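> Please find one structure pasted underneath; my questions will follow.
Chains as they are written, first to last, in UniProt numbering: chain A, 1 to 465; chain B, 1 to 363.
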């Protein structure tokens with residue numbers, strides 16, 4: 001029995017202090033691991049989406065993280081090609097006098113002869129939809145391609161299953177793509193497509209730029225643009241979304257129009273909000289007026305009622321005033337209750353004595369407001385301006401209802417919907433859709449980076465009240 | 001003095017004027033007109049004719065309306081509950097961190113400033129039939145044996161460590177954090193090793209999953225709306241987390257210390273100190289959640305023909321769809337009746353929620 005008792009005592013030992021401290025540390029490690037994991041999921045989604053927005057095909061499977069658009073070596077190659085094509089290392093092109101050198105290396109087992117691929121500059125329409133209809137100049141009409149040089153070599157290839165290394169033969173074909181010397185007055189063309197067709201027994205192992213896609217089970221390799229320039233390579237989808245959403249009549253970029261419209265509406269909304277909210281906020285905070293309680297209740301009410309309840313009447317008002325499809329309708333239609341509340345709270349905290357002194361000196365209410373109160377309300381006006389801009393820029397419903405035609409008068413958010421419709425459907429050109437989405441968030445991201453503190457602290461205050 | 005009083009009244013009204021006009025015209029008048037339209041037959045062009053309550057009866061017999069109502073309530077319930085709970089837990093987690101709180105705040109806030117249109121497009125891309133989410137599911141399915149291997153290693157290592165230590169010491173928890181850390185390292189190491197050596201088969205199944213373009217339902221909601229709900233939770237949770245975080249920082253630390261001395265464990269401290277202290281914030285968060293989710297519209301509109309109407313329709317979209325139907329004449333009466341129901345539903349839910357909130361605070 002005595003053995004048992006001693007065993008029992010032995011097993012009741014508590015953990016030594018050192019081990020306990022280790023446990024505390026471990027809890028901390030777990031905490032940060034969890035935060036990193038959550039943060040990765042939250043931001044990772046956006047980073048992956050951004051990376052995908054650079055790709056030729058964002059839906060490719062498996063999802064690769066290494067491709068030309070994120071590979072510095074390819075950036076330099078693209079800059080070189082852009083320089084040769086149009087003397088434009090950034091955005092590339094194909095201009096009179098151009099001589100572009102392009103390499104493609106094929107490999108095959110030693111018992112297979114590597115044939116010279118059939119090379120051509122195809123008459124391919126860039127992109128789709130309206131852009132295709134607007135394209136008049138094709139590189140195919142001005143370019144000639146010839147084989148300049150062939151070099152042979154070898155490379156070692158790892159076998160898939162056995163892990164054995166085999167020696168394969170390679171041949172590098174060097175092409176020169178030249179702008180027709182007789183067409184000195186020809187146009188500068190944005191893109192130079194290229195097709196290489198070779199038997200399936202040989203495979204492409206290296207080329208100055210990676211092909212945009214492979215067709216016919218790897219026989220046809222096609223490049224959308226072999227003279228992209230560095231930025232033209234990386235931000236191809238971004239350039240396309242601006243160029244290819246063109247207006248059929250004017251040929252101008254719709255996407256650019258949408259951005260301008262959104263900007264005009266957002267600025268208009270900011271100005272109007274500041275005027276209306278500061279005046280009403282001051283009246284509610286300082287002046288006794290009959291009906292103030294009614295307005296206060298209506299304000300709270302209007303912040304809970306969805307816009308879908310009031311939009312038919314508002315639509316009719318603007319229709320009767322013939323203001324539909326103008327920025328004015330979207331600027332004016334929003335009732336800025338939340339902003340009035342914010343201003344009211346700020347003014348209530350403003351010392352009354354200063355105003356009373358001014359009134360005793362003979363100033364009227366408006367002078368007091370304009371000369372004394374407003375200059376001191378800059379922080380509150382700032383918060384209101386930021387929130388109003390963000391709200392107006394991100395607003396989808398009102399522009400969706402009040403501005404429907406012509407396509408050039410839409411705002412960017414509704415424009416994104418039309419992007420989705422024209423490129424995200426059966427077309428599945430998700431590069432354009434994602435690029436559009438990322439361009440559309442640039443202004444609010446800039447605003448956020450500049451005025452982070454204002455935005456976050458206000459959000460928190462609002463929630464607590 | 002009455003002179004001053006009167007001039008104050010007049011200048012007050014002058015100050016209020018712009019806001020008063022906007023409020024009366026675009027809100028009060030609009031609601032009155034909606035109520036009027038709801039008892040008329042109106043197509044935006046011919047003058048409205050009075051039809052009594054028949055629009056409401058039409059609604060009740062319209063299966064699409066009932067679907068929309070069900071979808072809206074289901075969506076609101078799922079999103080509000082999930083985002084509130086997740087935001088609360090996450091805020092407690094972030095609050096524990098000594099360093100990096102500001103960084104976490106900035107990083108988490110980014111999804112909140114983006115427009116719903118841009119967000120929805122990014123999520124549409126993620127949820128394509130051959131998109132990244134499908135790819136992830138496929139990866140898990142194909143490597144299922146390795147996932148099991150990882151879990152088995154983790155459980156085995158933890159079990160062995162705990163068993164070994166509890167022979168010597170007392171009070172070793174099954175999820176002892178230090179041992180769990182070691183077990184995790186072992187499990188990750190074992191999985192990586194086995195990935196090189198590949199003792200287990202890797203399946204090569206390729207499949208497509210229709211997350212959006214499907215008529216399928218899961219529990220009480222279409223699959224499409226579950227996907228949208230996931231996105232909404234993801235995008236709203238960070239803001240709500242920040243609200244909770246601000247609330248947490250105002251709880252006096254002494255409360256926790258006292259509870260700890262009294263022997264309360266972490267869960268009890270959370271249950272009996274954190275949750276009650278955060279009640280006002282929780283009510284604000286829930287109210288914001290309800291108002292936001294009941295009027296969910298943008299996501300549905302941007303989904304558009306990427307999903308069948310009945311699997312994505314919400315009340316807000318039903319109203320719009322009736323007011324501006326594609327290729328048919330407007331049914332403003334029906335739309336207005338539905339709009340009033342949506343408004344009443346919102347007010348009712350917020351009001352009930354407020355009553356409960358006040359009651360709880362009195363208790």
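Where is the CB? At the ideal position from N, CA and C, for every residue including glycine. Here the structure is a predicted model, which means the values were calculated and not measured.
In the DSSP output, which residue or residues are listed as bridge partners for residue 215(A)?
Counting from 1 along the first chain, the entry for residue 215(A) is found at position 215. In the DSSP output, where bridge partners are listed per residue, residue 215(A) has 220(A).
> For the alpha helix (DSSP H) that contains residue 364(B), what are its first and last residues?
Lying outside 1 to 363, the shown extent of chain B, residue 364(B) is not represented and no answer is given.
> If you measure between the beta carbons of residue 132(B) and residue 63(A), is that distance less than 8 Å?
As a working note, residue 132(B) is residue 132 in the second chain. As a working note, residue 63(A) is residue 63 in the first chain. Their beta carbons are under 8 Å apart, which means residue 132(B) touches residue 63(A) by this criterion.
> Could you tell me the alpha carbon to alpha carbon distance between residue 296(A) and residue 25(B), rounded to whole angstroms?
Mapped onto the first chain, residue 296(A) falls at position 296. Mapped onto the second chain, residue 25(B) falls at position 25. Roughly 16 Å between the two C-alpha positions.
> Give the range of the beta strand (DSSP E) segment to which residue 145(A) is assigned.
Start at 1 with the first residue of the first chain, and residue 145(A) comes out as number 145. Per DSSP, residue 145(A) belongs to the beta strand (DSSP E) from 143–158.
> Please confirm whether residue 107(B) has its beta-carbon closer than 8 Å to some beta-carbon of chain A.
As a position in the second chain, residue 107(B) is number 107, starting the count at 1. Yes, because at least one Cβ of chain A sits closer than 8 Å to the Cβ of residue 107(B).
> So, with DSSP's three-state summary, where would you put residue 179(A)?
Walking along the first chain from the start, residue 179(A) turns up at place 179. Looking at residue 179(A) - three-state DSSP - the assignment turns out to be strand.
> Are there 16 or more other CB atoms within 10 angstroms of the CB of residue 203(B), so buried, or fewer, so exposed?
Residue numbering aside, residue 203(B) sits at position 203 when the second chain is read from its first letter. Answer is exposed; the Cβ neighbour count stays below 16.
> Just checking: is the beta-carbon of residue 269(A) within a distance shorter than 8 Å of some beta-carbon in chain B?
To locate residue 269(A), count along the first chain from 1; it is residue 269. So no, residue 269(A) is outside the interface.
> What's the gap between the Cα of residue 220(B) and the Cα of residue 37(B)?
Start at 1 with the first residue of the second chain, and residue 220(B) comes out as number 220. Start at 1 with the first residue of the second chain, and residue 37(B) comes out as number 37. Approximately 32 Å, taken between the alpha carbons.
> Would DSSP call residue 204(A) helix, strand or coil?
On the first chain, residue 204(A) is found 204 positions in, with the first residue counted as 1. DSSP places residue 204(A) in strand when its eight states are reduced to three.
> Nearest by alpha-carbon distance to residue 152(A): which of 181(A), 191(A), 105(A) and 122(A) is it?
Mapped onto the first chain, residue 152(A) falls at position 152. When each option's Cα is compared against that of residue 152(A), the closest is 105(A).
> Where DSSP assigns a beta bridge to residue 195(A), which residues make up the other side?
Residue numbering aside, residue 195(A) sits at position 195 when the first chain is read from its first letter. In DSSP, residue 195(A) forms a bridge with 120(A) and 222(A).
> Strictly by DSSP, which residues pair up with residue 13(A)?
The residue given as residue 13(A) occupies position 13 in the first chain. Answer by DSSP bridge pairing, in chain order: 169(B).
> So which residues of chain B does residue 362(A) contact, with C-beta pairs closer than 7 Å?
Mapped onto the first chain, residue 362(A) falls at position 362. Residues of chain B passing the Cβ test: none, with the nearest at roughly 13 Å.
> Taking Cβ positions only, does residue 3(A) come closer than 8 Å to chain B?
The residue you call residue 3(A) lines up with position 3 of the first chain. Note on residue 3(A): pLDDT 45, under 50, position unreliable in the model; no value is reported.
> Within a Cβ cutoff of 6 Å, which residues of the same chain sit near residue 291(A), ignoring the five residues on either side of it in sequence?
Here residue 291(A) refers to the residue found at position 291 when the first chain is read from its first residue. Excluding positions up to five away in sequence, the list is empty.
> Whose C-alpha, out of 330(A), 379(A) and 328(A), is nearest the C-alpha of residue 345(A)?
For the purposes of this step, residue 345(A) is taken as residue 345 along the first chain, with counting starting at 1. Here the closest residue by C-alpha is 379(A).
> Can you confirm whether the region 360–375 of chain A touches the region 331–338 of chain A when touching is taken to mean that 3 or more C-beta pairs between the two stretches lie within less than 8 Å?
Verdict: no, contact absent.
> According to DSSP, simplified to helix, strand and coil, what is residue 49(B)?
In the second chain, the residue the question calls residue 49(B) occupies position 49. Reduced to three states, the DSSP call for residue 49(B) is strand.
> Pull up the DSSP beta-bridge partners for residue 189(A), would you.
Your numbering for residue 189(A) matches position 189 in the first chain. Residue 189(A) is bridged to 94(A).
> For the 8 Å Cβ check, are there 3 or more pairs between the region 372–388 of chain A and the region 398–415 of chain A?
No, the region 372–388 of chain A is not in contact with the region 398–415 of chain A.
> Residues of the region 359–386 of chain A in Cβ contact with chain B at a cutoff of 8 Å, in chain order, please.
Per Cβ criterion, the list reads 364, 365, 366 and 369.
> Which of the three DSSP states is assigned to residue 217(B) in this structure?
Working through the second chain from its first residue, we reach residue 217(B) at position 217. Residue state, collapsed to three classes: strand.
> Count the C-beta pairs between the region 183–200 of chain B and the region 132–142 of chain B that are closer than 8 Å, then say yes if the count reaches three, no if not.
No, the region 183–200 of chain B does not touch the region 132–142 of chain B.
> DSSP three-state call for residue 305(B): helix, strand or coil?
Residue 305(B) sits at position 305 when you count from the first residue of the second chain. Residue 305(B): helix per DSSP, three-state reduction.
> Taking DSSP as the reference, what is the three-state secondary structure of residue 54(B)?
Along the second chain, read from residue 1 onward, the residue named residue 54(B) stands at position 54. Three-state DSSP puts residue 54(B) in a helix.
> Just to confirm, is the Cβ distance from residue 309(A) to residue 266(B) under 8 Å?
As a position in the first chain, residue 309(A) is number 309, starting the count at 1. As a position in the second chain, residue 266(B) is number 266, starting the count at 1. Cβ distance not < 8 Å, so residue 309(A) and residue 266(B) don't count as in contact.
> Helix, strand or coil for residue 385(B), going by three-state DSSP, please let me know.
Coverage of chain B is limited to positions 1 through 363, which leaves residue 385(B) absent and any answer about it impossible.
> Terminal residues of the continuous alpha helix (DSSP H) containing residue 75(B)?
Reading the second chain from its first residue, position 75 is the one you call residue 75(B). Taken as a continuous stretch (DSSP letters only), the alpha helix (DSSP H) holding residue 75(B) covers 63–96.
> May I ask you to list the residues that DSSP assigns as paired with residue 368(A)?
Locating residue 368(A) in the first chain gives position 368, where the first residue counts as 1. In DSSP, residue 368(A) forms no bridge with anything.
> What residue range is occupied by the uninterrupted alpha helix (DSSP H) comprising residue 255(A)?
Along the first chain, read from residue 1 onward, the residue named residue 255(A) stands at position 255. Counting along the chain, the alpha helix (DSSP H) containing residue 255(A) begins and ends at 254–286.
> From residue 272(A) to residue 331(A), what does the alpha carbon distance come to, in whole angstroms?
As a working note, residue 272(A) is residue 272 in the first chain. As a working note, residue 331(A) is residue 331 in the first chain. In a straight line, the C-alpha of residue 272(A) is about 8 Å away from that of residue 331(A).
> In chain order, what residues of the same chain have a beta carbon less than 7 Å from the beta carbon of residue 65(B), not counting five sequence neighbours either side?
If you number the second chain from 1, residue 65(B) lands on position 65. So the list reads 59, 318 and 338, once near-sequence residues are dropped.
> Classify residue 285(A) as buried or exposed, calling it buried when 16 or more other Cβ atoms lie within 10 Å of its own Cβ.
The residue labelled residue 285(A) in the question sits at position 285 within the first chain. Buried: at least 16 other Cβ atoms inside 10 Å.
> Could you work out which residues of chain B lie near residue 265(A), taking near to mean beta carbons separated by less than 9 Å?
By 1-based counting over the first chain, the position of residue 265(A) is 265. Simply none; closest approach about 13 Å.
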